[in-house]
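In case it helps, the working numbering puts the sequence shown at residues 85 to 181.
We put the beta carbon where it would ideally sit given N, CA and C, even for glycine.
Predicted model, so just to flag it, every value in this text is computed and none were measured.
Take a look at the structure set out below.
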Amino acid sequence: MHCNQFNTPLSRRSMLQSCAMGFGGLAFSALSNDSLASPLAPRRPHFSPRAKNVIFLYMDGGPSHVDIFDYKPALEKYNGKDPREVIGKLAPTQFDN
């Protein structure tokens with residue numbers, strides 16, 4: 085199908101029929117047997133839980149480069165110079181205007 089070709093619009097009757105089929109599928113899935121559910125679905129544990137508190141540590145990656153304050157000798161060497169002189173001729177990007 086090409087981008088300049090449009091589908092014919094749905095009639096009111098066909099739209100209501102397709103919606104009714106969708107709602108029928110939802111009702112059937114709600115009435116269906118639970119044994120067809122995913123085996124990985126959450127279930128009750130086999131034992132009674134004993135934990136009263138949980139400490140959750142989310143430690144993704146290291147600290148930010150701004151937060152570590154490492155000495156960078158290249159900063160003194162290139163301080164105040166034009167980046168184009170330091171790096172050389174850069175390849176143009178699609179955003180160079």
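Length-filtered (3 minimum) beta strand (DSSP E) runs lying within the segment 109-169: none
Alpha carbon to alpha carbon, what distance is there between Arg127 and Ser102? 35 Å
Is Tyr162 near Val170, with beta carbons less than 8 Å apart? yes
What does a CB cutoff of less than 6 Å around Pro123 pick up in its chain, not counting 5 residues either side in sequence? none
Taking only the alpha-carbon atoms, compute the straight-line gap between Ala125 and Gly172 and give it to the nearest angstrom. 57 Å
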